[in-house]
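Residue numbers (this note's numbering), protein chains in the order written: chain A, 1 to 542; chain B, 1001 to 1161. The next block holds one structure in the form of structure tokens; read it before the comments.
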């Protein structure tokens, strides 16, 4: 085996000099064998490792056995998770595809200086488990050789049936994703995409609504939550039965499963409880919250994971109050969580994107308006378009940044007021036009440490299905930053109109593709702090 | 428990230099603080082993910057890896939380996106995985090794016996 004499070639040194955060890599370092950090106490090592981003941490896991053990410890994973900032998981959202590939985009400053000619490949890539690996293998048995490997390496891949094989991502909670059936909403799997582990949730025990299934409209609402007091994850499942002719909820059955147990337990609910259409499940402070849409009314539904009961929850009065009289019926309110704070973002008004945070959990008066972005206009054209704005925090409010998504042209905009202003990014490489972006904190938390009891088996995609390549997985996504001409072209070719309009304080409008301005006052409220603040993510998803 | 009546504490580094530092700065050094509190009489001079005068200079720099609210301006970029290690150990000995975190972050920054081989050399660690074990763990975590910004692995390293 030939041994490479020079591990770092001169050209690579230069590249790395530019990419490293100001550190100069000395060519000679590669030749020195003297250990710089031999014999430092292990808790110092642990402290250093805790400050590494997750990708580098995984690399360090391969350094030696002691480090592998250290990094795999549940306590270490938990501490590291607490320091990790929110990242974005990008997934194609085309109904024709299984879309089990997730691309992780970290909101790092360096990533946003791509330049208009470059395409940066999106990495890292994770895979979701397959819904039914056995059946997939069976369908594709002629394409696989006897080792189960795909015999056409690289180019083709296995057939999959999206309607049977695709998962819907319900929510991300504490580093884990909850996956459900796309059509029925039945929660099926909880997984950690970073470690590849997943567990299948126990089969449903609800049989009460089997009668008259064709006449009764049912919908399953589900969410994953985390209770830090007991270090338990729980999945809640609500079967809402709608009246035959009305949109109102007639009755609801609620079941809950503690991850690791093999049964769904029934949850007592008040028979008068009526559950509206729910969206944006968010877990904060040991309770799950949803925004409920009931006609023009909006409210927040709250379920306490400890007492396993629904409870009332105050909503931000100004936000929900204003829209009750809206004639559009087009409300873009979303909810999210960051560092234990509940955020609500209102992007209904085209000229205004407003963010609220609940400073004191549970205290309705503590809903505070953070800021408006009044220069960004999502003039998606006509008001009767049904688009939803998804506004979730990405960086805690002292630092301030935002991401906006226009799904019709595969673009999203990253907005960080102090540093970058608006930066538009385009996603290339997929035949799908639609993307889903999920804020997620990547973690090394192992499912094995989380589940209670031995009844449930923790599986790992790497043991079997990671190596299968589905046909649609031959693409790699990349990011680019379109320049003004590209933006113009995109705008003309897409079926929706979008513009970024800069509205200056004296009412003049001018087009521009950068330089946002945060107004420090608005007509219906005050801003709690005029320095820049919250990072949020704004997306448009059908 | 008597404490020094003046506002300055004298610290003597390993190389014999005496620094007179403000009490507030000495307070950030938990080790020193513990010595002061345990003393029955006025402490004239506190020896700090493992800490050299160039370390104290940097500590004082950091303190001044952090008092002025500019702690982000403190940089250890000019230190090479050995110097950084020594400084880190000194600060660890003195038990200074904030500066310790700054330094461990600096080390982490230097390690970020480096290859396994580089990290091993940096810490002087030997690979104790068998080739099969290493291959298995690499495969499981393959996603972390991909990317234009990651240093490529030196494959020969893991074949070492």
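Beta carbons are placed, not taken as given, at the ideal position from N, Cα and C, and that holds for glycine.
Residue 129 (chain A) and residue 198 (chain A) have their C-alpha atoms spaced approximately 7 Å apart.
In the three-state reduction of the DSSP assignment, residue 1021 (chain B) falls in the strand class, which pools E and B.
Residues of the segment 48-68 of chain A whose Cβ lies closer than 9 Å to any Cβ of chain B, in chain order: 48, 49, 50, 51, 52, 53, 54, 55, 56, 57, 58, 59, 60, 61, 62, 63, 64, 65, 66, 67, 68. Residue pairing for residue 101 (chain A): DSSP places it in a beta bridge opposite A:127. Around the Cβ of residue 1136 (chain B), a 10 Å sphere holds fewer than 16 other Cβ atoms; the residue is exposed. One Cα belongs to residue 263 (chain A), the other to residue 476 (chain A), and the distance between them is close to 40 Å. For residue 462 (chain A), at least one C-beta of chain B is nearer than 8 Å to its own C-beta. Beyond the five residues adjoining it in sequence on each side, residue 1017 (chain B) comes within less than 7 Å, by CB distance, of 1053 in the same chain, given in chain order. Under the DSSP assignment, residue 290 (chain A) falls in the beta strand (DSSP E) whose first and last residues are 287-294.
Spatial neighbours of residue 453 (chain A) in its own chain (CB-CB distance under 7 Å, excluding positions within 5 residues in sequence) are listed in chain order as 260, 261. Contact annotation: residue 93 (chain A) and residue 434 (chain A) have beta-carbon atoms nearer than 8 Å. The C-alpha of residue 1126 (chain B) lies about 19 Å from the C-alpha of residue 1113 (chain B). At a cut-off of 8 Å, the C-beta of residue 40 (chain A) has a neighbouring C-beta in chain B. Counting only runs of at least 3 residues, the segment 1054-1133 of chain B fully encloses no beta strand (DSSP E) element at all. Using a C-beta cut-off of 8 Å, the segment 1096-1115 of chain B makes contact with the segment 1060-1080 of chain B, since at least three inter-stretch Cβ pairs fall below that distance. DSSP lists no bridge partner for residue 431 (chain A). With its beta carbon less than 8 Å from one in chain B, residue 196 (chain A) belongs to the interface.
For residue 240 (chain A), the closest C-alpha among the options A:82, A:184, A:285 is that of A:184. Judged by DSSP secondary structure, residue 64 (chain A) falls outside any alpha helix (DSSP H); it is assigned neither H nor E. Residues of the segment 1120-1150 of chain B whose Cβ lies closer than 8 Å to any Cβ of chain A, in chain order: 1120, 1121, 1122, 1123, 1124, 1125, 1126, 1127, 1128, 1129, 1134, 1137, 1138, 1139, 1140, 1141, 1143, 1144, 1145, 1146, 1147, 1148, 1149, 1150. Under the three-state reduction of DSSP output, residue 1037 (chain B) falls in the helix class.
At least one C-beta of chain A is nearer than 8 Å to the C-beta of residue 1089 (chain B). Here residue 265 (chain A) is exposed: its Cβ has fewer than 16 other Cβ atoms, across all protein chains shown, within 10 Å. At a cut-off of 8 Å between beta-carbon atoms, residue 1097 (chain B) makes no contact with chain A. DSSP places residue 44 (chain A) inside the alpha helix (DSSP H), whose first and last residues are 42-50.
In this model, residue 74 (chain A) and residue 1145 (chain B) are separated by some 23 Å (Cα to Cα).
Looking at the backbone, the Cα of residue 439 (chain A) and that of residue 1143 (chain B) are separated by about 19 Å. DSSP places residue 252 (chain A) within a strand segment (E or B) once states are collapsed to three. For residue 1051 (chain B), not one C-beta of chain A is nearer than 8 Å to its own C-beta. Here residue 282 (chain A) is bridged, per DSSP, to A:289.
Residue 256 (chain A) has a beta carbon lying at 8 Å or more from every beta carbon in chain B. DSSP places residue 438 (chain A) within a strand segment (E or B) once states are collapsed to three. The three-state reading of DSSP puts residue 310 (chain A) in strand, counting E and B together.
Within chain B, the residues 1143, 1146 have their CB atoms less than 8 Å from the CB of residue 125 (chain A), given in chain order. Put simply, of B:1047, B:1015, B:1022, B:1058 the residue whose alpha carbon is nearest the alpha carbon of residue 1083 (chain B) is B:1058.
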